[in-house]
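Those protein sequences? They're chains A and B, same order as listed. Each residue of the first sequence is one higher than the one before, counting from 1 in the numbering used here. Each residue of the second sequence is one higher than the one before, counting from 986 in the numbering used here. Written out below as structure tokens is the structure these notes cover.
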Amino acid sequence: MTSVRKEKYGKINRDKVLGFTWDNKEYFGYEGDSLASALLANNIKIVGRSFKYHRPRGVMSCGVEESGALVTIGSGSKADPNVRATTQELYSGLIAKGQNAFPNVNYDFGGINNYLSRFFAAGFYYKTFMGLPPFEWGKGTGIWMIFEKIIRKAAGMGKASREPDPDNYEHANDFCDLLVVGSGPAGIAAAQEAVNKKLDVILIEQDSLLGGNNLSEAEFDASLLQNQLESSGIRVMSRTTAFGVYDNTVVGALERVTDHIPNPNSKLPRQRFWTIRAKHIILASGALERHVAFNNNDIPGVMTVNASRHYLNRYGILTGNNIVITTNNDSVYQTALELQEAGSKVTILDSRKNINLDLPKEIDVHLNTLPFSINGRKKIEGLDVCKATDKNNKNTIICDQVLISGGWSPIVNLVSHRGIKPIWNQENLCFVPGDIKENITVVGSAKGIWNKNDCVKSGLVGANEAMNTLGIHKKEISFPSVGGWLNPIDTLFEVKSNKFPSKSFVDFQHDVTAEDVRLAHREGFISVEHLKRYTTLGMANDQGKMGNIIGLSLMAEQLDKTIPEVGTTVFRPPYTPVPIGALTGRNVGKHFRPLRVTPMHQWNIDHGAKMIEVGLYQRPWYYPKKNETLSDSYIRETTIVRKTVGICDVTSLGKIAIQGPDATELVNRIYTNPFAKLPIGKARYGIMLRDDGMVMDDGTSWRLGENEYFMTTSTAAAAKVMSWLEELLQTRWTDLKVNVTSVSEQWAGTSIAGPKSRDVLNECVLDSNEISNQNLPFMGVLQTKLKDGTPCRVVRISFSGELAYEMYIESDYAHGMMDILWESAKKYDGCLYGLEALGALRVEKGHVTAAELDGRVTIDDAGLGKMASTKKSYIGSAMRKRGVLNADDREMLVGFFPINEKETFNAGTIVCEKNNIQGQGIGRITSVTHSPELGHWIGIGYVNGGLDSWKDVTLVGADPVRNKQMEIKVVSPHMIDPEGKRMYA
Amino acid sequence: MNGALVPIQNCTVDMIRIKCPYCGERDHSEFTYGGDASIKYPALDASESEWTKAIFFRENIRGMQKETWHHTNGCRLWLEVERSTITHEIKSVKACHPQIEKITKHK
């Protein structure tokens, strides 16, 4: 093949020369070139190596179906593998490389695979998995594991970069009355008709130029068309691929924003992921020309006939000197004429015996003739041909290019996304879209209409259908009929040669040959879905756009069935590859999920806090002094809290304002314990159950007034509890006069815990005698003022087991509150403490959190059964004792000590009996800590039957993840001050 | 640790649009699916068997079903939505609370 640029042909801008690099060498092309056309213009024949056999491949098409010219664009973190050179626009400075080849695509050591191909037939992987006979027969895959790496390296396509993707992507949404996919003759007609009738129309085109198949015509002017369409009010989106059609006439589309620009503005996204909601969709997605399977039908220089016409009239490239066109249909004759006029010698082989066409006299047309085998290895040297009726007598035609047309396949992919099975049309040898019950109309060659005028008509009919569904008018117009060639197409999918082994490719990208399909049949993989998975037919980058129908026809032949009886695999989105980055959009890095900080976040950091993520929240973890480790730090903090006083940010707790005449009734119905008689100015710790009787959450509710409560929830369940209260009030208890408002963001909370906490608080409030045991008893609530006059709420409540308070203040005043509290606490040798010390303090006391209340436990399991009222009904009361939930051997909350006090354990440890260490054991440790007060590690968790069943029994804590076992004993979960003397002090 | 799993923002194509009677038509990603809206929950003091029926027994409907959705990232209304389980077509949307329904009906 010798391809050359022809003067006066094409729609490229010859005034603008673009330099680019191919395999480290510099070349030139023009503005308007694709990478493939620029390579052809430079007469570069080999642009890729095939998947398995490393056979040289050239440019085989001019669109998304490309199977030969798969290349890597860019380098480093910007490297983008498996890009179809046919759809990549050329830009100045573009760097492209061949792939799956060493040292390069011209001379590839992997090419040896071609000669070993009989070992790499379909099912090669699966057979190798069975073990290497005779050594491993039936035993599995020891040797495979060794060779796997080598094989994986040898097979494949381009390599993705391992660096993070440096590009930005974004998500966008749009709406319209009518969405037209495809800007060929049918799509344009539909869009123009609809916009004339005042519809809001979006037209999507995957190419950079509008026109579809019009672009293969010499006189067609794409920019004129674009101007006309845009000035008529159509919203044109070029470089945008509709990759999927979804429920409710929603289309997913990918817009390539900067893939064609040399140094794009870094603020622009590389690609945009569109969700477009249309009221009606017209699919004018066109059709793809198929090839035919015959020996060596993949040698560089093979191309579809229509592609060659595109290269001539769009890019001004004559793809061959001496061209043989093989066909079974009428669509090639115009192309042949144009190629001849442009200066090539053209020979046509038509498989049909006689045809009724005005054949051009200057062109050799051989009827009843088939291509048999291509001669040559890296380039075409000739074509062996034979008569359709006599395959034994072969002639060789010297040529440098073979153009193939095996018929056309309408692009039914997008319709198939809606679950609509395509229907086989025997007359035109293609699948056409099935019956559509949604607001989707298929027009043009996507419907199997070949004739251009008929395509335009079908576009108008499509627009009319859209107007019918949108209620603009009611008119019945019928579609032009499917087909449109003068002579019927001939059934030709493969030219078989029985005498010598042939490589007749069905699916170029994955090196699936006609013989592979027959092998699959012999080995029993006859369902199309099995055929696909066994041979990988249709599984590559192009998803079987060219080869699928040939594969189906070969299987049908083997089974002696028709193609519709064999069926087809289901096309699924995306139509062409969509980068993961585009799916992710902006949700990467810091934007992966929202970050929540408390109002005293900066204050905490300024005072030395190391932070930890808890759900979305950043919370203080520990406050290390010089050189302190986490463990040094939390042990010090815990000790100080028990000795003097500590201050901890607890803002992340959920906070809900409950107001209204029925506030008490609501609170009393959702908590297990009685709230009906809670006096104003008192708080109560409460447990909420789910409908099914399991524990949902714990928290406190403070009665601030006759009709007003302030509820706190756990950090983890804050959103869930809020939604739950809203659900109850809006769907079940609609008669209750009560309103709930999330005030989590409005209030900053801090805990002041330790024997000196009362002294600290008295120094901080306006009236320094206000916080007394009488005035603020255990579970008392006080609305008061800080000494600077800021109103605040104080509750006497203890998570640590010490004399302790929580203070809440409006979020904007959080820093001021912390300053005042800390100033005072310092005088008592107090400390700031973080989540780790908070955890240690509560584990010592056996207080539960989300780690224990994990949705699988009942209130009795958690050791809180006394809090379940028997005098009232509440959510979950009917269900909490049902069936197995009432069993005696259910797990119960307990404490754990190591037998050897020097040993440590981890949360997640499985508790087992000594002689039965297996399975789920008899319990689990949910939270652990070092206890400074007890001087060794402690844990809480669950064990079947509780403390009573295992008192004084030595058990084993098994930690299979860390490969650790240790002896442990079960103790009461209340390990420090079980009577609560300190708390009530 | 009070670590809660955080749902990652939906990054697929959003197909369902719900006409919230207060906020207008929005993507379903703003809402949280609730459950079967046809369930009549028994009184709190009802028997275990009545509650069992209400909580655990569900029709697996092929076609239009009534379900609740919470406009979590919007007005926080609980909505009763009639949706086809086959096509996702939404036939009607109204506020669950009868009085809110009256107010928002003609909005």
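Note that the Cβ used here is the ideal one computed from N, Cα and C, for glycine as well.
{"Item": "Euclidean distance between Cα positions of V506(A) and A190(A)", "Value": "35 Å"}
{"Item": "Cβ contact check for the region 289-296 of chain A and the region 271-280 of chain A: 3 or more pairs under 8 Å", "Value": "no"}
{"Item": "Three or more C-beta pairs below 8 Å linking the region 1034-1047 of chain B and the region 867-885 of chain A", "Value": "yes"}
{"Item": "Chain A contact for G988(B) (CB, 8 Å cutoff)", "Value": "With a pLDDT of 37 at G988(B), under the threshold of 50, the predicted position of this residue should be treated as unreliable, and no value is reported."}
{"Item": "R533(A): first and last residue of the uninterrupted alpha helix (DSSP H) it sits in", "Value": "528-535"}
{"Item": "Three-pair Cβ contact test at 8 Å for the region 621-630 of chain A versus the region 821-841 of chain A", "Value": "yes"}
{"Item": "Whole-angstrom C-beta distance between E170(A) and G585(A), which should lie under 8 Å", "Value": "5 Å"}
{"Item": "Through-space distance from V928(A) to E979(A), alpha-carbon basis", "Value": "22 Å"}
{"Item": "Beta bridge counterpart(s) of V517(A) as assigned by DSSP", "Value": "Answer is none; V517(A) lacks a bridge partner."}
{"Item": "Any C-beta of chain B under 8 Å from that of A878(A)", "Value": "yes"}
{"Item": "Within chain A, the residues that C1060(B) reaches when beta carbons sit closer than 7 Å", "Value": "By Cβ distance, chain A contributes nothing, its closest Cβ being about 11 Å from C1060(B), past 7 Å."}
{"Item": "Nearest to N375(A) (by Cα), restricted to the options V324(A), K737(A), V412(A)", "Value": "V324(A)"}
{"Item": "Buried or exposed (CB count within 10 angstroms, at least 16 for buried), P166(A)", "Value": "exposed"}
{"Item": "Distance, L268(A) Cα to H936(A) Cα", "Value": "58 Å"}
{"Item": "Contact with chain A by T1072(B), beta-carbon distance below 8 Å", "Value": "yes"}
{"Item": "Run of the alpha helix (DSSP H) containing F1041(B), from where it starts to where it stops", "Value": "1033-1041"}
{"Item": "Assigned secondary structure, W603(A) (DSSP; H/G/I helix, E/B strand, else coil)", "Value": "helix"}
{"Item": "Contact with chain B by Q730(A), beta-carbon distance below 8 Å", "Value": "yes"}
{"Item": "Three-state secondary structure (DSSP) of I656(A)", "Value": "strand"}
{"Item": "C-alpha distance - M696(A) paired with A717(A), whole-angstrom precision", "Value": "8 Å"}
{"Item": "Residue burial classification, Y126(A) (beta-carbon count within 10 angstroms, cutoff 16)", "Value": "exposed"}
{"Item": "Against chain B: residues of the region 434-452 of chain A by CB proximity under 7 Å", "Value": "none"}
{"Item": "Candidates M818(A), V346(A), G547(A), R522(A), of which the one nearest D364(A) by Cα", "Value": "V346(A)"}
{"Item": "Separation of C792(A) from A989(B), as counted between CA atoms", "Value": "Reliability fails at A989(B), whose pLDDT of 39 lies under 50, so the model's placement of it is uncertain and the value that follows must be treated cautiously. C-alpha separation (whole angstroms): 29 Å."}
{"Item": "Residues that T1053(B) contacts on chain A, provided the C-beta gap is smaller than 7 Å", "Value": "T731"}
{"Item": "Identity of the residue in F799(A), R533(A), V795(A) nearest I809(A) by Cα", "Value": "V795(A)"}
{"Item": "C-alpha gap between S502(A) and N295(A), whole angstroms", "Value": "5 Å"}
{"Item": "Partners in chain A for E1033(B), counting only beta-carbon separations shorter than 7 Å", "Value": "A878, M879, R882"}
{"Item": "Close beta carbons around S744(A), own chain, < 7 Å, minus the five adjacent residues each side", "Value": "G654, K655, A718"}
{"Item": "Backbone CA spacing between V415(A) and D200(A) [nearest angstrom]", "Value": "22 Å"}
{"Item": "Proximal chain B residues relative to T319(A), where beta-carbon distance stays under 9 Å", "Value": "Those within 9 Å of T319(A) in chain B number zero; the least Cβ separation is about 39 Å."}
{"Item": "Span of the alpha helix (DSSP H) around W724(A)", "Value": "718-727"}
{"Item": "Under 9 Å from the C-beta of I323(A): neighbouring residues of chain B", "Value": "Near I323(A) there are no residues of chain B at all, since even the closest Cβ is about 44 Å away, more than 9 Å."}
{"Item": "Burial state of N498(A) (16 or more Cβ within 10 Å)", "Value": "exposed"}
{"Item": "Element boundaries [alpha helix (DSSP H), containing W822(A)]", "Value": "814-827"}
{"Item": "Best match in A336(A), T638(A), I440(A), S351(A) for proximity to D401(A) [C-alpha to C-alpha]", "Value": "The residue asked about is misnamed: residue 401(A) is Gln in this sequence, not Asp. Looking at the Cα atoms, A336(A) is the closest of the given residues."}
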